[in-house]
Amino acid sequence: MLNLSVLLEDGARSVPDKDCLVFGDLRLNYALTNMIANQVANLLVSRGVRPGDRVALASPNLPYFPFVYYGALKAGAVVVPLNVLLTPREIAYHLEDSGAKALFAFTGSPELPLGERAFEAFGQVDSCETYIDLPGTPGATESTIEGAETLWKALEGQPGEFETVQTGAEDTAVIIYTSGTTGRPKGAELSHNNLLMNAVISARVVNAHPDGRDVSLTVLPLFHIFGQTVMLNGPLYRGGTLVLMPRFDGDEALRLMEKEGVTGFAGVPTMYWGLLNAVQAAEPGAYDLEKIASNMVDAASGGASLPGQLAEDFTKTFGVEIKEGYGLSETSPVVSFNNPKVLAKTGSIGLPVWGVEMKLIDPDWNEVQDEGEIAVRGHCVMKGYHNRPEANAEVLRDGWFRTGDIARRDEDGMYFIVDRSKDMIIRGGYNVYPREIEEVLMTHPAVSLAAVVGVPHDTHGEEVKAFVIKDADTDATEQEIIDFAKERLAAYKYPRSVEFRTELPMTATGKILKRELR
1 MLNLSVLLED GARSVPDKDC LVFGDLRLNY ALTNMIANQV ANLLVSRGVR
51 PGDRVALASP NLPYFPFVYY GALKAGAVVV PLNVLLTPRE IAYHLEDSGA
101 KALFAFTGSP ELPLGERAFE AFGQVDSCET YIDLPGTPGA TESTIEGAET
151 LWKALEGQPG EFETVQTGAE DTAVIIYTSG TTGRPKGAEL SHNNLLMNAV
201 ISARVVNAHP DGRDVSLTVL PLFHIFGQTV MLNGPLYRGG TLVLMPRFDG
251 DEALRLMEKE GVTGFAGVPT MYWGLLNAVQ AAEPGAYDLE KIASNMVDAA
301 SGGASLPGQL AEDFTKTFGV EIKEGYGLSE TSPVVSFNNP KVLAKTGSIG
351 LPVWGVEMKL IDPDWNEVQD EGEIAVRGHC VMKGYHNRPE ANAEVLRDGW
401 FRTGDIARRD EDGMYFIVDR SKDMIIRGGY NVYPREIEEV LMTHPAVSLA
451 AVVGVPHDTH GEEVKAFVIK DADTDATEQE IIDFAKERLA AYKYPRSVEF
501 RTELPMTATG KILKRELR
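As numbered in UniProt numbering, residues 1 to 518 make up the sequence shown, in order.
Set out below in structure tokens:
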């Protein structure tokens, strides 16, 4: 038997008084964090949530996320993390597809009206029976969303003790939504064992400060599997402290690094770029860079390829070499690491982590030697996509998962990404899937055909661009198409530019040649 919530429970037993979560002036030790998670578990059981039921969670990096995440796991439920930028239409789809029985959503702010969007979606899905507002004001019992119940009101009278449901190691713990070129997002089912093993692996890669301190700046979104494993589950496995940061800002990150004595950081390349820019733009003496560098022991990057010059500049400034990792939502996510302390090469995604195998295959699953599609086998591979037997048959065989990423392997066994067969765009560390955007664009009355690709961008890595063939006799403008998509897609998904064409490059069978468009 195994339940991922043991990560928090073990900390509550072994280091109860140690800081677990730090957010602003709020400091919560392991014992208190575990107690609130127990209250959440009792709440869920009282509302009819049973082992195996799905519980959706939409929250930025606030104490609410671990409260609900581990509380739902304790109750034997399956957590469905939701991107906080999703529209009501997209949230409703995730609730329906996962069969979520409850939804916890942060109220938000004027800039991020998450609660309004989530509550609107909740009203559209009959199977989702419970909505809990995670209010912007700590301890608030009255919701600013009419008809919603706040977490603190709901927790009144709930016991702080709970006997954790003894789930099986292969039971689903989390459903992470991802996609491909086949349309709407699919839910990757990750087991308790998948996530625990990946947390242990991640924790082994990261080193504590020589004086024993272990403080992580948790700014990677926890609803994303990279942040969830490397910056939540991994640090808790080590009994570390999480300094929560809901939104990345270079200046604020440096301030927290200095104030809290941060020893570990993980981010996407644009975050490292933001840190260096903040240092360069700061007034002399604004930050004690020597102190920050003396505390920093480890840095990890993922989500997109890390430019070599960026890695070099960061090391010069902070005295730490960045460990670049590779992974996917379907692999919990860590598959390999380009680790300077073991073997590292510029541009490589490194070697497989402990317990994981990688190989290169052709379209028919035959192993090839020099260049091919990456296939992965090991403890990290998902159980499968939720309710998608046909998709599972395409990507899973004999324990192997085909990633869709094309790579080459050198004489030292190091892997180098060559291309992405899935045409996925990585914008600022977020996965953007062209097919979903194309389907939205095709609903515009002026659009005859659309193709979406990623184009190079200085800060985001890639930006979303649409190529559109308009219907005859239409005068639709580029801005009209962009605004149409913006209303229907999350902020990181909609195209920032549209180019009208009279034709698109295609193969003889009618497949659009996106490589030529790029």
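Glycine residues also receive a C-beta, built at the ideal position from the N, C-alpha and C atoms.
Beta-carbon gap between residue i and residue j smaller than 8 Å
i, j, result
"Leu222", "Asn61", "yes"
"Thr107", "Leu489", "no"
"Val243", "Leu217", "yes"
"Lys514", "Asp423", "yes"
"Lys323", "Ala299", "yes"
"Gly350", "Ser301", "no"
"Tyr70", "Leu151", "no"
"Gly160", "Asn295", "no"
"Asn431", "Thr178", "yes"
"Val55", "Val84", "no"
"Ser191", "Thr164", "no"
"Gly187", "Val215", "no"
"Ser127", "Pro135", "no"
"Met382", "Gln166", "no"
Whole-angstrom distance between residue j and residue i, CA atom to CA atom
i, j, result
"Pro51", "His209", "39 Å"
"Arg213", "Thr241", "9 Å"
"Val498", "Thr459", "20 Å"
"Val174", "Ile426", "23 Å"
"Leu7", "Tyr237", "5 Å"
"Val219", "Pro246", "6 Å"
"Ala100", "Gly123", "13 Å"
"Glu330", "Thr403", "9 Å"
"Ser202", "Glu480", "45 Å"
"Leu441", "Gly428", "22 Å"
"Pro146", "Gly115", "It is worth fixing the name first, because residue 146 is Glu in this sequence and not Pro. Distance between the alpha carbons of Glu146 and Gly115 is about 11 Å."
"Asp288", "Leu254", "9 Å"
"Leu360", "Lys345", "19 Å"
"Glu503", "Val447", "13 Å"
"Ala199", "Gly234", "4 Å"
"Asp410", "Asp370", "8 Å"
Collapsed DSSP secondary structure at residue i in the structure displayed
i, result
"Gly76", "coil"
"Leu275", "helix"
"Val40", "helix"
"Gly378", "strand"
"Glu142", "coil"
"Asp405", "strand"
"Ala92", "helix"
"Tyr237", "helix"
"Phe337", "strand"
"Ala286", "coil"
"Asp366", "Asp is not the amino acid found at residue 366; the sequence shown has Asn there. In this structure, Asn366 counts as coil in the three-state DSSP scheme."
"Tyr494", "coil"
"Trp152", "helix"
"Val125", "coil"
"Arg397", "strand"
"Met506", "strand"
"Glu436", "helix"
"Phe162", "coil"
"Val205", "helix"
"Ala472", "coil"
"Asp211", "coil"
Per DSSP, cross-strand counterpart(s) of residue i
i, result
"Ser216", "Leu242 and Gly264"
"Gly454", "Val464"
"Phe416", "Arg408"
"residue 530", "Here the chain has residues from 1 to 518 only, and residue 530 is not among them."
"Phe104", "Leu57 and Ile132"
"Val22", "Arg27 and Val243"
"Glu373", "Ile361 and Ile406"
"Glu189", "Ile175 and Gly384"
"Asp10", "Answer by DSSP bridge pairing: none, since Asp10 is not bridged."
"Glu499", "Phe467"
Closer than 8 Å is the cut-off here; do at least three beta carbon pairs connect the stretch 148-168 with the stretch 25-45?
yes
Are the stretch 462-482 and the stretch 444-452 touching, with three or more C-beta to C-beta distances below 8 Å?
yes
Given 8 Å as the limit, is there contact between the stretch 333-345 and the stretch 249-258, that is, 3 or more CB pairs closer than that?
no
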